[in-house]
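Counted from 1, the sequence shown has number 373 at position 373 by full-length UniProt numbering; the numbering is strictly sequential.
Down below is the structure, laid out as structure tokens.
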Amino acid sequence: MTNKVNSLATAHLDAATILIDQVIPFQSNAKNKFNIITAALALSVLAIPEKARAACFTAADGVSIICDASSVQTTTVGTGPGLNNVNVNVLPSARIDTGELAAISLDSNADITLGNGAAVQNTTTAGSGSGLWGKGGNIIEFNDNTLLTVNKGAQVLALGRELAFENNAVHVHGSGNTIINHGLIHSAAGPAIRFESNTGINIVDNYGTISMSMPFKIVMDSEYTHTSIAIINRAGGEILGAILLGRGDTSVTLEAGSSINGSIFGGGGNNSLILDGMAGSSQALGFGTGYIRGFQTLTKNGAGEWSIPIDIDTFASGAPMALGINDGRLTLTGKNTNSGNTAISGGTLAAGAVNAFSPRSAYSVAPAGTMDLMGFDQSISHVTNAGAIKLNGSNGTELNITGDYVGDNGRVIFNAKLTGDAAYTDRLIIGGDTSGTTEVVVNNIGGRGRAIANVVELISVGGASDGDFKQAGRIVAGAYDYTLKRGAGAYAANWYLTRSTAAPRPVPGGPGTEMPGAGDQDNDGQGTGEAHFEPEEMIERPEDGAYAANLAAANTLFSAGLDTRPGTTAYIDPITGEQRTTSLWMINTGGHNRFTDGSGQLKTQGNRYVLQMGGDIGRWSSNSIDSFRLGVMGGYGRARSNTASRVSGYGAKGSVNGYSIGLYGTWHADAAGRSGLYIDGWTQYGWFDNTVAGQDLASENYTSKGFTASLESGYAFNVGEDPAKNATYHIQPKAQAIWMNVRANNHTETGGTQITGNGNGNIQTRLGIKAFMNACSERDKGKDRLFQPFIEANWVHNSKNFGSSLDDITINASGAANIGELKLGVNGRLNKNFNISGSVGQQVGNKGYSDTAGMLGIKYLF
């Protein structure tokens, strides 16, 4: 017995003895399981507590009969045929117990309500009972257009042992009747509910329990009538026993969370089985020893989920079985053979096993509908697609359509792993003709290594290939963009993914006996038995350029020389006349750069801004002429880049935001005149947040961090002076080496591509010469003003190119190995406390590389 039946039986052990003969055990209300199992119970007495009493009287309105708890009602309420338009209200805790008689017997247009805790029962014995309708000793009987409401806690109990179909808990004549049950409707012998009518429709809406315990096991019956019946078993509802239906059209709705413990016989009408349920509900339609027969239509409604483990064609008893999905999700795990049409108007029809979809059914997918193969191969006959078909493979799934395919602006969604040794792609194989328009979406779900092929077959067509398959969104794998293209020549009927610019076309060399898609990407002409294709330009992703720009920016934003730190001229404290050793400086730098990748497909340009601040924390001299300075510095920088592909037309954006902190130290042989030798060095630690946002792709976020360090030296020669202009002239050869070791963390993109940065550990060397003049105008003499205009030319060399590896395919920025640089600027002292500097520089490299930078710096002495 189930827990619910046990609780029903033990609820009144203080007032009755219960005898249960269990013929076949059954399971009720198991979690997420819907069981249809034959069962039989023998229930001798189910009594009501003695405190419950009822006395029924006619209300003042003349049409209402009220039964209260004042005493037991022992005679039949109503006179049966001819008593129309009467309302019977059995109040809470009231009791009607009529022994051998019918308890409530009315005609048409009645309204019967049983309150919480109320009970209506009789105990008709074999051959003794007779209802007023002459159809046996039924408890409640009525005719057309009547509403019976059994509220929660109320009971309708036919407890007699009369083994006849006429002794029922509820006997319904006519049509237009509705039974709403939140309590218990039970029969010990005959069906709990029986219908007799040849016309119209009756409704049973069950939230509670409808049960019986006779050996025939029929809990609800309309076998010999033509009445149409709509049975709705709500979540939490139980129907304990079989349902035997007649020749009328019937619908049985099962909500997730309900149970029917018995078989369902649909009878001879046009019958529908409906699976329903709210969002978040989930249930499997289990069968045990029971079964469903005589239903020609299966419909999935509601936002919940159902699964069916057997062939739904058995529900139809030989007739064509039609399947309709309107909402939610229905998963088929049996091997189905139904021949009726399958219409997916909304929601999802999902496969839970190979060939779970019937090969005999024609499928139509509406705009709101989805067919989901869930990675299981399927073979079906005909498809009209205005919605979505998902193959959802994790190891290469095939949808084989043996007949025609009609695209009605729907889409087919493939999964592919286009890189690595275990690469695969889902495939659509169409044996018949294609027509209409279909969008194709390909999700790259990962893989690492080289691409499997330049060309991969995605869709093959055996008949007339008049359909148009259009790529929707980008298809990326590793370092490349793939495009969907129709084949050429002998393969013109098929559709391929290709990362090259040409249409798929075989060329002489190998026998090419296999279909393209398994083909080796190398065209060596040796004849491996695989299909070969003309090598063409591979389509690089613009994200390659964005990753390279981000890494380059993270390594160079805070990399500068001594001249970028303003206020390098000597000064005297305006009050004491002593040399001071502390200063605060700040620089603002902006720049714009351009570069291309090695193939020339990708063009990147970016802008940057840097704010750096610092100050000397120590200054000393060994001989009153030279000077040593030690300082700390920190900064904020950001860079933005845009990369565009001249081949695919797609673009990507990169961004870097980060901070640095570090130390610097400088030694000048001549602190005042700035002539002679100098040595400068610094080291910094930087950390950055990076983003790459590819067109039509998810944004990728990752971090980078690491150290940079510089060592710089030069020697300033005094080559002349002009006392009349208060000017001295200097030439300064100089050299600098910067170690750049900011590393980007390895990153896996949403689509599975694994990203590794290249170029960290680059050593950038700069060799050049600077010419500058220290001067002040005649009118500024004695005003502590000094200006140092300069011009500088450098050769810059980078030992490594910044770039990125996408699934082991490396794409680097080019043109930055050897760069020419020209810089113009001025350092100025406006007064004893305030220094200012500014410069503009231009770098030019190969393959269109260029960088323009401007700097403005201030230094305040205190």
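C-beta: ideal position from N, C-alpha, C; glycine also.
Under the three-state reduction of DSSP output, E721 falls in the strand class. With fewer than three CB-CB distances shorter than 8 Å, the stretch 724–731 does not count as touching the stretch 698–709. Contact between A351 and M374 is confirmed by a C-beta separation of about 5 Å, below the 8 Å threshold. By the neighbour-count definition (other C-beta atoms within 10 Å, threshold 16), Q612 is a buried residue.
Counting only runs that start and end inside the stretch 702–764, the beta strand (DSSP E) elements of at least 3 residues fall at 727–744, 754–758. If you ignore the 5 residues before and after N336, its C-beta comes within less than 7 Å of the C-beta of D311, I312, D313, A356, F357, S358, all in its own chain and listed in chain order. Contact check for T253 against D276 passes: the beta carbons are separated by less than 7 Å. E439 sits away from R474, with the two beta carbons spaced by 7 Å or more. For E543, the enclosing alpha helix (DSSP H) begins and ends at 543–556.
T348 has R329, T370 as its beta-bridge partners, per DSSP.
Note on geometry: alpha-carbon atoms of V77 and Y291 lie some 39 Å from one another. Counting of Cβ neighbours within 10 angstroms places P542 among the buried residues, the total reaching 16 or more. A buried status is given to G183, since no fewer than 16 other beta-carbon atoms sit within 10 Å of its beta-carbon.
In the DSSP assignment, T434 falls within the unbroken beta strand (DSSP E) covering 434–444.
Of all C-beta pairs linking the stretch 88–108 to the stretch 67–77, three or more are shorter than 8 Å, placing the two stretches in contact.
L244 and D221 have their C-alpha atoms some 5 Å from each other.
The three-state secondary structure of T225, taken from DSSP, is coil. Residue pairing by DSSP puts Y480 in a beta bridge opposite A477, E540. With a cut-off of 8 Å on Cβ pairs, the stretch 544–551 is in contact with the stretch 794–812, counting three or more such pairs. Inclusion of F802 and F790 in the CB contact set at 7 Å is not warranted, their separation being larger than that value. Ranking R638, A716, R766, G820 by CA distance to the CA of A671 puts A716 first. Counting only the Cα atoms, G266 lies some 17 Å from L240.
Straight-line measurement puts the Cα of F707 at about 6 Å from the Cα of V742. In terms of Cα proximity to T501, the closest of R486, L147, N494 is R486.
Here G324 has T299, A343 as same chain residues with Cβ atoms under 6 Å from its own Cβ, once five neighbours each way along the sequence are excluded. In the structure shown, I310 adopts coil according to DSSP, grouped into three states.
Here W495 is bridged, per DSSP, to I459, R486. In the three-state reduction of the DSSP assignment, D111 falls in the strand class, which pools E and B. Annotation: the continuous beta strand (DSSP E) that includes C67 extends over 64–68.
Residue environment: W795 is assigned as exposed (fewer than 16 neighbouring CB atoms within 10 Å of its CB, all protein chains considered).
The DSSP-derived three-state label of D249 is coil. Distance check between E305 and each of R329, V840, G393 places R329 closest, using alpha-carbon atoms only. Scanning A813, D851, L786 for the CA closest to the CA of N831 turns up L786.
In this chain, the beta strand (DSSP E) harbouring S627 covers 627–645. Annotation for L677: A669, Y715 place their beta carbon closer than 6 Å to its own, counting only its chain and skipping 5 residues before and after. Bounds of the beta strand (DSSP E) holding S660 are 651–668.
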